[in-house]
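Residue numbers (the working numbering), protein chains in the order written: chain A, 59 to 461; chain B, 59 to 461. Input: a single structure, listed below in structure tokens.
There are 2 protein chains.
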Amino acid sequence: MIHVALLGFGVVGSGTAEVLTQNKSIIERKVGQPVSIKYILDLRDFPDSPFADRIVHDFNIIVNDPEVSVVAEMMGGSHPAYDFTLACLKAGKSVVTSNKEVVANFGTELLTIAKENGVSYLFEASVGGGIPIIRPLREDLSSNNVTAISGILNGTTNYILTRMDNEGASFADVLKDAQRLGYAEANPAADVEGLDAARKIAILAAMAFGKRLNPNEILCEGITSVTAADSELAKEMGYAIKLIGYTTRMNGRILAMVSPRLVSRYNPIHGVNDVNNGILVNADMVGQVMFYGPGAGKLPTASAVAGDLIDVMAHTPAGVISPVWVDAEPDQIADPETYVCRHLVVLDAPKSAEAEISAHLDLNAPHFTEGRFSFITEELSEAEVKAKIAEVGYPLITRIRVL
Amino acid sequence: MIHVALLGFGVVGSGTAEVLTQNKSIIERKVGQPVSIKYILDLRDFPDSPFADRIVHDFNIIVNDPEVSVVAEMMGGSHPAYDFTLACLKAGKSVVTSNKEVVANFGTELLTIAKENGVSYLFEASVGGGIPIIRPLREDLSSNNVTAISGILNGTTNYILTRMDNEGASFADVLKDAQRLGYAEANPAADVEGLDAARKIAILAAMAFGKRLNPNEILCEGITSVTAADSELAKEMGYAIKLIGYTTRMNGRILAMVSPRLVSRYNPIHGVNDVNNGILVNADMVGQVMFYGPGAGKLPTASAVAGDLIDVMAHTPAGVISPVWVDAEPDQIADPETYVCRHLVVLDAPKSAEAEISAHLDLNAPHFTEGRFSFITEELSEAEVKAKIAEVGYPLITRIRVL
Chain A
59 MIHVALLGFG
69 VVGSGTAEVL
79 TQNKSIIERK
89 VGQPVSIKYI
99 LDLRDFPDSP
109 FADRIVHDFN
119 IIVNDPEVSV
129 VAEMMGGSHP
139 AYDFTLACLK
149 AGKSVVTSNK
159 EVVANFGTEL
169 LTIAKENGVS
179 YLFEASVGGG
189 IPIIRPLRED
199 LSSNNVTAIS
209 GILNGTTNYI
219 LTRMDNEGAS
229 FADVLKDAQR
239 LGYAEANPAA
249 DVEGLDAARK
259 IAILAAMAFG
269 KRLNPNEILC
279 EGITSVTAAD
289 SELAKEMGYA
299 IKLIGYTTRM
309 NGRILAMVSP
319 RLVSRYNPIH
329 GVNDVNNGIL
339 VNADMVGQVM
349 FYGPGAGKLP
359 TASAVAGDLI
369 DVMAHTPAGV
379 ISPVWVDAEP
389 DQIADPETYV
399 CRHLVVLDAP
409 KSAEAEISAH
419 LDLNAPHFTE
429 GRFSFITEEL
439 SEAEVKAKIA
449 EVGYPLITRI
459 RVL
Chain B
59 MIHVALLGFG
69 VVGSGTAEVL
79 TQNKSIIERK
89 VGQPVSIKYI
99 LDLRDFPDSP
109 FADRIVHDFN
119 IIVNDPEVSV
129 VAEMMGGSHP
139 AYDFTLACLK
149 AGKSVVTSNK
159 EVVANFGTEL
169 LTIAKENGVS
179 YLFEASVGGG
189 IPIIRPLRED
199 LSSNNVTAIS
209 GILNGTTNYI
219 LTRMDNEGAS
229 FADVLKDAQR
239 LGYAEANPAA
249 DVEGLDAARK
259 IAILAAMAFG
269 KRLNPNEILC
279 EGITSVTAAD
289 SELAKEMGYA
299 IKLIGYTTRM
309 NGRILAMVSP
319 RLVSRYNPIH
329 GVNDVNNGIL
339 VNADMVGQVM
349 FYGPGAGKLP
359 TASAVAGDLI
369 DVMAHTPAGV
379 ISPVWVDAEP
389 DQIADPETYV
399 CRHLVVLDAP
409 KSAEAEISAH
419 LDLNAPHFTE
429 GRFSFITEEL
439 SEAEVKAKIA
449 EVGYPLITRI
459 RVL
């Protein structure tokens with residue numbers, strides 16, 4: 059019998075209890091022995107829940123119980139989730155989690171502590187909800203040098219951008235509707251300003267390159283300034299605007315950034331719509347593979363937490379090999395200003411300015427409507443494109459990087 | 059130091075040697091010790107290869123060398139690949155393979171022998187080339203009951219169908235071109251008649267449901283009778299014709315089949331084009347996830363073989379837990395005649411026959427061009443749709459299942 063404790067009985071925590079109960083027989087067949095949820099830590103009581111008798115309010119009961127060998131942390135937020143995770147690992151308990159904030163902020167330390175204590179720290183559910191991505195990167199693609207990862211990593215913003223694209227609606231209107239429908243939170247900042255995606259791309263960069271970047275220091279541009287006109291223009295040009303978490307290596311340094319990008323209809327993630335996530339991995343041997351599915355939600359995320367739990371439990375007591383990260387040194391991090399890509403530029407300029415503008419910038423797919431002169435540039439760094447736009451002299455309405 | 063032997067130095071074998079050499083440092087970091095290719099078994103000599111000194115022609119040298127703990131079988135065909143695999147497992151060596159024919163035909167026995175001998179038998183490369191699918195099914199999605207898998211599993215046929223769709227070209231013309239370009243073999247039967255896809259869906263069904271179906275007994279319809287007119291019609295209706303390997307459970311029995319299917323543009327695998335593969339997994343907890351990428355090719359397939367090698371080597375001597383299959387009993391296999399889906403039906407009938415035909419069959423999206431009366435039926439079993447078409451009395455030109 060393996061005794062599991064769940065930390066947090068919110069959406070993902072209750073989903074995980076549901077998965078472990080509903081699919082008990084297939085899970086126990088894979089684990090090779092009975093599995094019991096011994097404790098569920100939450101501040102609240104749940105008198106009507108079938109798990110009411112496992113609810114505890116004191117973390118010490120769990121960490122001090124030698125019978126509990128595996129803990130699933132699904133509390134969200136950095137504290138006390140990080141502190142409880144640390145205490146469990148030090149007490150020789152493996153921890154699996156869906157908490158991207160803790161993994162992105164404290165992953166290096168927690169993985170080290172896990173290793174020192176001969177236990178595992180797994181976090182498949184922290185990126186892409188139910189989509190397998192962490193384990194495939196770690197195992198299936200382990201013979202590869204990853205060259206780049208580009209991902210639609212946030213379902214809320216993808217839902218908003220998909221509706222803007224389909225309906226020509228404004229960001230503000232769709233956001234309001236998304237909040238009404240429960241696809242966006244009352245305070246949507248972490249989603250729409252890109253921090254949620256920044257945490258996830260930090261985790262993916264660390265998986266790909268072995269080095270963790272501080273998610274709060276990653277260039278992070280959200281979608282609040284994307285307009286209906288931008289969305290329509292992109293569509294006419296054969297692109298869709300998506301919020302993309304992107305990481306690659308430039309001259310040995312790691313670049314990670316989150317920003318709206320124009321995604322061509324020939325890119326496999328162009329078709330990743332609504333609340334779905336899609337993660338495209340480029341690597342030297344395999345070429346390009348994509349992982350697609352529900353990036354959030356109660357049961358999809360719980361599916362990933364339970365998958366990690368099964369992995370740990372099936373390998374008890376030998377343990378699962380966790381990844382090893384180090385924190386990136388400042389000179390190992392690329393300056394996003396030096397990152398080179400094409401840019402969609404929209405200037406407040408008349409059609410007659412074409413010759414004048416083209417003296418400074420390549421004008422691919424030039425497009426003109428009512429005072430908006432739009433085109434896609436050649437490959438330029440941030441500094442270069444800004445300098446050239448300044449040289450041209452017409453006011454900038456929009457600039458969006460092309461993926 | 060871990061000593062590896064490669065069986066077969068063809069496309070995948072030489073690719074695997076290349077991956078192990080080119081990415082030696084990242085692989086050895088993950089394995090935790092040096093890795094050496096000690097032998098490469100092939101009938102031919104390769105005097106100009108950097109591996110010329112490892113080539114051996116006698117399998118006994120490998121199986122009798124206690125230093126060799128891991129073997130990668132990439133010979134293709136059932137014999138002697140199966141026999142060599144069996145001998146290696148019995149000799150206490152783990153085996154990884156890209157050989158779908160051996161896995162689909164002999165997987166149950168080989169997995170049992172591996173278990174009895176405390177070694178592993180892994181086959182990520184046998185389905186979907188470089189795409190992670192076997193390990194995600196086994197580990198990431200292990201808390202789920204899989205409900206269905208639908209996959210574009212053969213790159214050659216997908217290339218042909220994509221070009222037919224794009225260009226309105228005939229099957230015969232595109233096949234000829236594909237052969238010229240090296241995308242189809244001189245004898246394309248195993249691809250275009252669906253047997254390759256049948257082996258892969260047999261492996262996926264066994265991974266999903268734990269029971270192996272004989273790939274030679276799976277309903278297998280290829281793409282040789284798909285016409286340019288069918289392809290164009292499907293496109294006009296908002297679908298693409300794809301060769302789909304499909305497996306599900308019906309009343310506790312396992313259904314597996316390969317056939318051309320109409321795939322709606324709202325299905326994530328609609329956009330899987332050219333030689334790419336895409337595998338859609340439906341499962342009770344996660345919902346729907348898709349895996350996409352290069353389904354064949356030297357380095358992509360070698361990437362998967364090498365991933366399995368690393369997994370085995372990193373877990374030496376504890377071993378990797380291999381899946382467990384049993385062979386399906388006849389009463390555990392569903393009769394494809396009872397499988398219910400919608401069908402695209404094209405009859406040789408005039409437009410004026412609409413009322414007459416609709417007395418027998420629902421006519422969704424009816425479409426008429428020059429003696430071809432086309433429509434999509436309600437959900438019907440094979441027997442039902444055949445009976446109704448017979449009742450209608452007009453000659454059948456085409457019938458294609460809708461996914």
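Even glycine gets a Cβ: it sits at the ideal position worked out from N, Cα and C.
Those residues which DSSP pairs with asparagine 422/B across a bridge: According to DSSP, which records beta bridges pairwise, asparagine 422/B is partnered with Ile434/B.
Residue burial classification, threonine 79/A (beta-carbon count within 10 angstroms, cutoff 16): With fewer than 16 neighbouring CB atoms inside 10 Å of its own CB, threonine 79/A falls in the exposed class.
DSSP state of tyrosine 350/A mapped onto helix, strand, coil: strand
Interface residues of the stretch 196-216 of chain B facing chain A [CB-CB below 8 Å]: Only Glu197, Asp198, Leu199, Ser200, Ser201, Asn202 and Asn203 from the stretch 196-216 of chain B bring a Cβ to less than 8 Å from some Cβ of chain A.
Of the residues Thr166/B, Glu437/B and Val316/B, the one placed nearest alanine 248/B, counting alpha carbons only: Val316/B
Extent of the continuous beta strand (DSSP E) run through methionine 315/B: 311-322
Rounded C-alpha distance that separates glutamate 86/A from glycine 135/B: 36 Å
Test: arginine 193/B CB closer than 8 Å to a CB of chain A: So yes, arginine 193/B belongs to the interface.
Cβ pair valine 126/A, lysine 96/A closer than 8 Å: yes
Limits of the alpha helix (DSSP H) - the one that isoleucine 474/A falls within: Here chain A has residues from 59 to 461 only, and residue 474/A is not among them.
Spatial neighbours of glutamate 279/B in its chain, beta-carbon cut-off 7 Å, leaving aside the 5 residues before and after: Gly252, Val316, Ser317 and Pro318
Serine 200/A beta carbon less than 8 Å from that of glycine 71/B: no
8 Å Cβ cut-off: residues of chain B touching proline 358/A: Met343, Val344 and Gly345
Touch test, the stretch 178-195 of chain A against the stretch 155-162 of chain A, Cβ-Cβ under 8 Å, three pairs minimum: yes
Cut-off 6 Å between Cβ atoms - residues of its own chain near aspartate 369/B, not counting five sequence neighbours on either side: Val378.
Per DSSP, the bridge partner or partners of lysine 300/A: Arg319/A
Residue-chain proximity (phenylalanine 67/B, chain A), Cβ-Cβ < 8 Å: no
Segments assigned beta strand (DSSP E), at least 3 residues, entirely inside the stretch 159-240 of chain B: 204-210
Cα-Cα separation, methionine 308/A to valine 460/A: In a straight line, the C-alpha of methionine 308/A is about 17 Å away from that of valine 460/A.
Cross-chain neighbours of methionine 133/A in chain B, by beta carbon under 9 Å: Going along chain B, no residue has its Cβ under 9 Å from methionine 133/A, so there is no contact; the nearest lies around 20 Å.
contact_flag[the stretch 201-217 of chain B, the stretch 337-344 of chain B] where n(CB pairs < 8 Å) is 3 or more: yes
Local Cβ density within 10 Å of glutamate 131/B, reported as buried at 16 or more and exposed below that: The residue is buried, with at least 16 neighbouring Cβ atoms inside 10 Å.
Contact list for glycine 351/A against chain B, beta-carbon separation under 8 Å: Val344, Gly345, Gln346, Val347 and Met348
Helix, strand or coil at tyrosine 397/A according to DSSP, with G and I counted as helix: coil
Residues that aspartate 249/B contacts on chain A, provided the C-beta gap is smaller than 8 Å: Per Cβ cutoff of 8 Å: no residues; aspartate 249/B is ~20 Å from chain A at best.
Every unbroken alpha helix (DSSP H) within the stretch 253-305 of chain B, with a cutoff of 4 residues, ordered by chain: 253-267 and 286-294
8 Å contact criterion, which glycine 209/B and glycine 336/B should meet: CB distance rounded: Sure, about 7 Å apart at Cβ, within 8 Å.
Unbroken beta strand (DSSP E) run spanning alanine 417/B, endpoints: Run containing alanine 417/B: none; DSSP gives neither H nor E here.
Beta-carbon proximity list for asparagine 175/B, same chain, < 7 Å, skipping 5 on both sides: Leu147, Lys148 and Gly150
Opening and closing residue of the beta strand (DSSP E) in which arginine 102/A lies: In this chain, arginine 102/A is not harboured by any beta strand (DSSP E), its DSSP state being neither H nor E.
Residue range of the unbroken alpha helix (DSSP H) whose run includes valine 70/A: Valine 70/A -> alpha helix (DSSP H) spans 69-80.
Contact set between isoleucine 60/B and chain A, taken where Cβ atoms lie within less than 9 Å: The contacting residues do not exist; isoleucine 60/B stays about 14 Å from chain A at best.
Contacts of valine 77/B in chain A (Cβ-Cβ under 7 Å): Ser201 and Met343
Terminal residues of the beta strand (DSSP E) in which isoleucine 455/B lies: 454-460
Chain B contact for glycine 176/A (CB, 8 Å cutoff): With a threshold of 8 Å between beta carbons, glycine 176/A makes no contact with chain B.
Spatial neighbours of methionine 348/A in its chain, beta-carbon cut-off 8 Å, leaving aside the 5 residues before and after: Pro326, Ile327, Gly336, Ile337, Leu338 and Val339
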